[in-house]
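Shown next, in structure tokens, is the structure this report addresses.
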Amino acid sequence: MTKVAIAMSGGIDSSVTAAILKDQGYDCFGVHMHNGTASAPKNIEDAAKSAKKIGIPFYVIDLKKVFEEKILKYYLDTYKKGHTPNPCVVCNKYVKFGELMTKVRGMGADFLATGHYARIKKNKNIYELHAGADPKKDQSYFLYRLTQAQLKHVMFPLGDTTKEKTKAFGKEYGLRSAIERDESQGICFIPDKFYTDFLKNHLPKSCFEEGLIIDMDGTKRGRHRGLPYYTCGQRKGLFIGGLKEPYYVIKTDYKNNTLFVGGDKYLWHKEIYAKELSFISGKTPSKTFTANARTRHLGTLEKAKVEILNKNTAKVVFAKPVRAFTEGQSIVFYKGSKVIGGGTMRWNQ
């Protein structure tokens with residue numbers, strides 16, 4: 035019998051995933067990825083309740099060390115560079131479908147299943163990653179770095195369903211604790227409303243020195259509280275008065291500790307570079323190709339030309355301007371529902 039490990043957070047998606055797979059006749063067991071966060075005890079308790087209700091074994095796997103080395107370090111290092119990190123993308127590759135996958139395979143699992151809203155299709159000898167059927171919940175954007183070796187042993191049972199149906203399944207299965215749980219919205223390792231405290235406690239004090247706020251015309255508009263508090267496109271928290279139009283963060287200059295702000299027109303661009311390229315097939319496409327590109331989770335897909343400059347860098351030119359490119363965030367390329375791959379956005383080659 036095929037053995038499947040289900041990564042269980044305690045929430046409705048992973049709990050229903052486990053229930054569905056058990057109903058389908060798989061030999062299932064649940065695992066919780068313990069990353070050492072403050073919310074871990076409650077998450078473990080909720081996941082254990084769901085596993086007990088479903089009637090499957092449940093194990094807690096300690097991944098605190100690899101999480102600290104791969105995710106926390108990346109997260110803080112990205113801020114130190116003046117960019118905005120995308121921790122879920124990195125975690126999926128190196129921790130959830132990396133170290134956790136290795137652990138459950140060692141426990142005899144043929145597959146690792148998660149509650150992601152995405153789909154895997156086998157086309158000849160290639161495992162393709164496709165967007166989830168529910169456009170409001172599609173999570174393929176966060177999965178573009180997965181490899182063929184990883185996808186071969188992954189299941190996404192919720193890929194063809196909707197969030198509404200998942201909740202209905204949860205009621206049918208009697209997964210009360212999972213249904214009543216608040217849906218995760220933020221970063222798993224930072225407690226709600228403690229984002230600024232986390233950065234202050236983990237980044238050097240030099241990152242939080244006050245500096246000038248300058249508009250795109252060169253006019254001084256005030257002083258900022260520390261550049262890690264700001265990201266491209268942000269409007270709230272600037273505390274600039276006397277303006278004829280709304281002002282937004284346009285860019286941060288860490289070298290000179292300066293925050294540049296301006297009107298909406300300065301946020302729109304057609305060209306960006308993609309670094310740290312990763313392609314689902316494991317092979318870099320032809321030198322230039324066209325695709326629909328997404329620059330944020332659930333963002334609008336926009337037509338673009340992708341020119342491969344080298345194995346790590348591509349130049350992306352959109353057919354029309356796109357708002358608020360953010361260095362450090364991912365740009366993901368699609369052909370229809372199929373994910374081709376993607377990279378990390380940078381202004382410079």
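Mind the numbering: the sequence shown is residues 35 to 383 in the numbering used here, read in order.
The C-beta atom is built at its ideal place from N, Cα and C for all residues, glycine as well.
From a predicted model like this one, the values you see are computed outputs, not experimental measurements.
Whole angstroms are fine: how far does the CA of residue j sit from the CA of residue i?
i, j, result
"residue 105", "residue 129", "8 Å"
"residue 41", "residue 81", "9 Å"
"residue 192", "residue 284", "38 Å"
"residue 116", "residue 287", "7 Å"
"residue 148", "residue 155", "16 Å"
"residue 215", "residue 83", "12 Å"
"residue 344", "residue 188", "30 Å"
"residue 244", "residue 257", "6 Å"
"residue 251", "residue 273", "18 Å"
"residue 248", "residue 290", "12 Å"
"residue 282", "residue 300", "9 Å"
"residue 197", "residue 259", "39 Å"
"residue 93", "residue 230", "33 Å"
"residue 146", "residue 97", "16 Å"
"residue 49", "residue 165", "21 Å"
Given a cut-off of 8 Å, decide if residue j and residue i are closer than it, judged by their beta-carbon atoms.
i, j, result
"residue 341", "residue 352", "no"
"residue 306", "residue 359", "yes"
"residue 375", "residue 312", "yes"
"residue 315", "residue 90", "no"
"residue 293", "residue 262", "no"
DSSP beta-bridge partners for residue i?
i, result
"residue 175", "Residue 175 is not bridged to any residue."
"residue 66", "94"
"residue 302", "357"
"residue 247", "256 and 293"
"residue 199", "Looking at the DSSP assignment, residue 199 forms no beta bridge with any residue, so it has no partner."
"residue 47", "Per DSSP, none; premise fails for residue 47."
With burial defined as no fewer than 16 other Cβ atoms inside 10 Å of the residue's Cβ, what is the status of residue i: buried or exposed?
i, result
"residue 322", "exposed"
"residue 253", "exposed"
"residue 325", "buried"
"residue 240", "exposed"
"residue 169", "exposed"
Hey, does residue i have any beta-carbon neighbour from chain D nearer than 8 Å?
i, result
"residue 115", "Given the protein chain composition of this structure (a single chain), no chain D is represented."
* At which residue ranges does the segment 93 to 161 contain complete alpha helix (DSSP H) runs of 4 or more residues, listed in the order of the chain? -> Whole alpha helix (DSSP H) segments, 4+ residues: 98 to 101, 107 to 114, 121 to 125 and 134 to 140.
* To do: Starting from the N-terminal side, write out each stretch of the beta strand (DSSP E) that is 3 residues or longer and does not extend beyond the segment 311 to 378.
  => 322 to 328, 336 to 344, 347 to 357 and 364 to 369
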